[in-house]
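Residue numbers (full-length UniProt numbering): 1 to 531. Beta carbons: idealized from backbone N, C-alpha and C, even for Gly. This one's a predicted model, so the numbers in the text were calculated from it and none came from an experiment. Below you'll find the structure, written out as structure tokens, and then a few comments.
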Ligand code: C2O
Ligand code: CU
Ligand code: CU
């Protein structure tokens with residue numbers, strides 16, 4: 001099936017209004033199934049959306065101004081996509097589709113974090129139980145940044161997110177407003193995702209590795225097969241931005257600020273502009289960089305964000321494609337097809353607004369570097385590939401399943417640690433830690449077994465300037481050890497860390513870490529370094 005490119009205008013997700021605007025604004029969001037037009041020539045697609053929108057509405061909040069959100073599950077009883085009943089798959093006694101919402105990049109208490117096992121279903125509400133919805137408290141005591149929220153239910157995160165459960169969450173602050181970056185209609189979020197469809201518009205998700213969407217809709221392979229095959233990574237055959245397939249955006253010949261999110265299950269994007277012009281990256285997952293970085297391309301693994309400025313002022317009358325040339329799986333898989341090389345199109349029109357007085361200041365923000373000398377612990381973590389009892393591929397962290405005991409990563413509250421990730425698999429994995437933002441120290445090649453005595457490690461390379469800000473997701477390349485440094489806290493309790501390729505996360509490339517109480521440190525103290 002082929003669809004015409006750049007047939008639909010880029011939609012901008014609406015900003016969500018609080019239901020009650022008291023001291024602590026209170027929001028309500030209902031997850032439900034709806035029909036949505038994803039392309040002019042494709043029949044409507046059944047999707048799951050926060051407030052019935054794919055992607056969900058955008059939160060806009062102010063730093064240090066907390067909010068509360070009630071997340072309500074009105075999803076159907078049956079999953080939209082084939083559920084694999086192995087591992088943490090669907091439980092037969094479960095009354096409806098389970099969900100739990102995680103604020104990715106948020107510093108929140110464990111009970112508000114969307115722990116994979118803290119899921120709830122809509123039936124419990126019908127029974128009058130308090131678990132039919134959840135009210136989460138988000139303190140927003142952190143730098144202004146591009147966060148996002150998405151489903152995190154154990155074992156089916158890849159399916160729930162693929163069905164549409166993701167949206168943006170922007171934290172703003174005065175310091176940043178003063179910088180005079182492009183704003184208002186010149187500040188635009190771009191949520192990039194890949195999907196595949198049946199010709200009737202239905203979302204396609206494979207039940208076997210390499211399975212292509214059939215020309216006609218058909219029943220999924222029986223998901224209760226005794227020995228179902230795990231799909232190691234999903235790669236769709238079309239690119240969507242903000243829920244439209246290959247959209248276009250009319251722009252004026254001036255500067256724009258784009259908040260890029262790779263919201264795909266497994267696809268990496270290496271983004272360029274067909275005009276050959278450079279992009280100016282101003283921020284990463286944890287907010288603004290110290291200085292803008294001019295780059296010719298931007299690589300985004302699943303869950304990574306980039307805050308960029310694109311200046312169209314010399315391109316009046318032109319059409320510019322946002323392109324992708326990242327292989328799948330990354331970095332050594334198949335190059336993208338000509339379709340997948342294209343993401344969206346910018347059409348540079350006339351200037352409608354007054355002159356462009358926005359700026360890219362030479363200093364964007366300032367923050368300290370975490371000192372490796374101050375690290376109390378250096379944790380060696382291992383990314384490995386093995387097989388389960390059925391011979392199916394299994395990707396693991398430290399050779400343990402999600403719920404294997406004991407709990408192995410136990411940093412103390414308000415202490416600094418270096419985490420090393422040795423990648424012994426052939427692919428790059430985007431490793432994400434909940435609760436903390438971290439800095440990348442370096443990457444080095446290694447040969448040998450990280451647990452053996454004969455390990456050889458090459459010269460450490462510092463991260464690219466565009467990765468030198470605060471991060472919450474880091475690309476860990478094959479054959480390399482990637483080192484990050486983080487200050488744990490300010491909350492104690494159990495949080496996940498995992499690969500953000502959602503098929504990997506669901507098939508046990510996820511482990512809990514527990515921030516342990518530390519004498520003399522109170523729960524509410526925040527890390528000074530991150531201001
Ligand atoms: Cu974006 Cu644990 O998640
Ligand atoms: Cu997260
Ligand atoms: Cu992975």
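- Message: Mapping the DSSP letters down to three states, classify residue 177 as helix, strand or coil.
- Response: Position 177 of the chain shown, counted from the start, is the residue given in the question as residue 177. In the structure shown, residue 177 sits in a helix (DSSP, three-state: H, G or I).
- With DSSP collapsed to three states, give me the class of residue 225. As a first step, residue 225 must be located in the chain shown, where it is residue number 225. With a pLDDT of 43 at residue 225, under the threshold of 50, the predicted position of this residue should be treated as unreliable, though the coordinate-derived value follows. Here residue 225 sits in coil by DSSP.
- Message: To test your reading of the DSSP string, which unbroken beta strand (DSSP E) runs of 3 or more residues are found completely within the region 335-397?
- Response: Listed in chain order, they are 342-348, 377-387 and 393-397.
- Could you say which of 510, 163 and 258 lies nearest to residue 116 if we only look at CA atoms? In the chain shown, counting from the first residue as 1, residue 116 sits at position 116. The shortest CA-to-CA distance from residue 116 to any of 510, 163 and 258 is the one to 510.
- Message: Looking at residue 324: is its Cβ nearer than 8 angstroms to the Cβ of residue 271?
- Response: Mapped onto the chain shown, residue 324 falls at position 324. Mapped onto the chain shown, residue 271 falls at position 271. The answer is yes: Cβ separation under 8 angstroms.
- Message: Going by DSSP, what residue range makes up the beta strand (DSSP E) through residue 136?
- Response: Within the chain shown, numbered from 1, the residue matching residue 136 stands at position 136. Counted as a single uninterrupted DSSP element, the beta strand (DSSP E) harbouring residue 136 occupies residues 133-138.
- Task: Taking 6 angstroms as the limit, tell me which residues put their C-beta closer than that to any heavy atom of ligand 2, in chain order.
- Result: The set, ordered by position in the chain, is 102, 104, 432 and 434.
- Name the one or two DSSP bridge partners that residue 102 has. Here residue 102 refers to the residue found at position 102 when the chain shown is read from its first residue. Looking at the DSSP assignment, residue 102 forms a beta bridge with 150.
- Query: So what does DSSP say about residue 496, is it helix, strand or coil?
  - Reply: In the chain shown, the residue the question calls residue 496 occupies position 496. Reduced to three states, the DSSP call for residue 496 is strand.
- Got a sec? Which residues, its chain only, sit under 7 angstroms from residue 550 by beta carbon, not counting five neighbours each side? Nothing about residue 550 can be reported from this structure: the residues present for the chain run from 1 to 531 only.
- Message: Please classify residue 267 as buried or exposed, where buried requires at least 16 other C-beta atoms within 10 Å of its C-beta.
- Response: Looking up residue 267 in the chain shown gives position 267. Buried, by the Cβ-count rule.
- Grouping DSSP H, G and I as helix and E and B as strand, with all else coil, what is residue 317? Start at 1 with the first residue of the chain shown, and residue 317 comes out as number 317. Coil.
- Query: Which parts of the region 250-292 are runs of the beta strand (DSSP E), unbroken and 3 residues or longer, counting only runs that do not cross its ends?
  - Reply: Here the runs fully enclosed are 255-262, 269-273 and 279-284.
- Query: For residue 263, does the count of other Cβ atoms within 10 angstroms reach 16, so buried, or fall short, so exposed?
  - Reply: Within the chain shown, the letter at position 263 stands for residue 263. By the 16-neighbour rule on beta-carbons within 10 angstroms, residue 263 is buried.
- heavy atom of ligand 1 below 7 angstroms from residue 496 C-beta: Against the chain shown, residue 496 aligns to sequence position 496. For residue 496, the Cβ falls inside the 7 angstroms cut-off from some heavy atom of ligand 1.
- Cβ of residue 393 versus every heavy atom of ligand 3: is any distance shorter than 7 angstroms? Mapped onto the chain shown, residue 393 falls at position 393. No; taking the cut-off as 7 angstroms, the Cβ of residue 393 has no heavy atom of ligand 3 nearer than that.
- Query: Which first and last residues belong to the alpha helix (DSSP H) in which residue 503 is found?
  - Reply: By one-based count along the chain shown, residue 503 stands at place 503. Looking at the DSSP string, the run of the alpha helix (DSSP H) that includes residue 503 is 502-506.
- Item | Within 8 angstroms, strictly: CB atoms of residue 376 and residue 490 | Numbered from its first residue, the chain shown carries residue 376 at position 376. Numbered from its first residue, the chain shown carries residue 490 at position 490. No, the Cβ-Cβ distance between residue 376 and residue 490 is not below 8 angstroms.
- Taking only the alpha-carbon atoms, compute the straight-line gap between residue 399 and residue 388 and give it to the nearest angstrom. One-based indexing of the chain shown puts residue 399 at position 399. One-based indexing of the chain shown puts residue 388 at position 388. Computed Cα separation, rounded: 12 angstroms.
- Task: Grab me the residues of residue 439's own chain with a C-beta within less than 6 angstroms of its C-beta, minus the 5 sequence neighbours each way, in chain order.
- Result: Along the chain shown, one-based indexing puts residue 439 at 439. Taking residue 439 as the centre and dropping the five residues before and after it, the same chain places the C-beta of 370 and 485 closer than 6 angstroms to its C-beta, in chain order.
- Message: Can you check which of these residues, 343, 22, 180 and 427, is closest to residue 334 by C-alpha distance?
- Response: Residue numbering aside, residue 334 sits at position 334 when the chain shown is read from its first letter. When only C-alpha atoms are compared, the closest one is 427.
- Query: Is any heavy atom of ligand 1 found at a distance shorter than 7 angstroms from the C-beta of residue 163?
  - Reply: Your numbering for residue 163 matches position 163 in the chain shown. No, ligand 1 has no heavy atom inside 7 angstroms of this Cβ.
- Exposed unless 16 or more other CB atoms sit within 10 angstroms - verdict on residue 259: Here residue 259 corresponds to residue number 259 of the chain shown, with the count starting at 1. Counting C-beta atoms within 10 angstroms of its own C-beta, residue 259 has 16 or more neighbours from the protein chains shown and is therefore classed as buried.
- Message: Tell me the rounded alpha-carbon separation between residue 529 and residue 367.
- Response: As a working note, residue 529 is residue 529 in the chain shown. As a working note, residue 367 is residue 367 in the chain shown. Low confidence applies here, because residue 529 scores a pLDDT of 40, under 50, leaving its location unreliable; read the following figure in that light. Taking the Cα positions, residue 529 is about 7 angstroms away from residue 367.
- Residue interval of the alpha helix (DSSP H) (run including residue 42): In the chain shown, the residue the question calls residue 42 occupies position 42. Residue 42 -> no alpha helix (DSSP H), and no H or E assigned at all.
- Expected contact under 8 angstroms - CB spacing of residue 235 and residue 1 to nearest Å: As a working mapping, residue 235 is identified with position 235 in the chain shown. As a working mapping, residue 1 is identified with position 1 in the chain shown. About 16 angstroms separates the Cβ atoms of residue 235 and residue 1, ruling out a contact at the 8 angstroms cut-off.
- Kindly confirm or deny that the region 491-505 and the region 441-458 touch, where touching means at least three C-beta pairs closer than 8 angstroms. Flag = no, the region 491-505 and the region 441-458 do not touch.
- Do three or more CB pairs link the region 282-301 to the region 198-213 at distances below 8 angstroms? When Cβ pairs closer than 8 angstroms are counted between the two stretches, the region 282-301 is seen not to touch the region 198-213, the count staying below three.
- Query: Just to check, is the beta-carbon of residue 504 closer than 7 angstroms to a non-hydrogen atom of ligand 1?
  - Reply: As a working mapping, residue 504 is identified with position 504 in the chain shown. Outside the cutoff, so no.
- Message: My assumption, with CB atoms under 8 angstroms, is that residue 514 sits in contact with residue 405. Please give the rounded CB distance.
- Response: Sequence index remark: in the chain shown, residue 514 carries index 514 (1-based). Sequence index remark: in the chain shown, residue 405 carries index 405 (1-based). Wrong, their Cβ atoms sit about 12 angstroms apart, outside the cutoff.
- Item | Rounded separation between residue 92 and residue 208 - CA only | Here residue 92 refers to the residue found at position 92 of the chain shown. Here residue 208 refers to the residue found at position 208 of the chain shown. Note that residue 92 scores a pLDDT of 48, beneath 50, so its modelled location is shaky and nothing firm can be said.
- Message: Need the endpoints of the beta strand (DSSP E) that residue 205 sits in, please.
- Response: Walking along the chain shown from the start, residue 205 turns up at place 205. Per DSSP, residue 205 belongs to no beta strand (DSSP E) and is neither H nor E.
- Rounded C-beta distance between residue 364 and residue 282? I'm assuming under 8 angstroms. Here residue 364 is taken as the residue at index 364 of the chain shown, counted from 1. Here residue 282 is taken as the residue at index 282 of the chain shown, counted from 1. Their Cβ separation, rounded to whole angstroms, is 6 angstroms, which keeps residue 364 and residue 282 in contact under 8 angstroms.
- Where the beta strand (DSSP E) containing residue 433 begins and where it ends: Counting from 1 along the chain shown, the entry for residue 433 is found at position 433. Segment 429-433, the beta strand (DSSP E) holding residue 433.
- Of the residues 466, 496, 488 and 211, which one's Cα is nearest the Cα of residue 280? Counted from its first residue, the chain shown places residue 280 at position 280. Looking at the Cα atoms, 466 is the closest of the given residues.
- Item | Distance, residue 10 Cα to residue 321 Cα | Mapped onto the chain shown, residue 321 falls at position 321. Mapped onto the chain shown, residue 10 falls at position 10. Straight-line Cα distance between these residues: approximately 13 angstroms.
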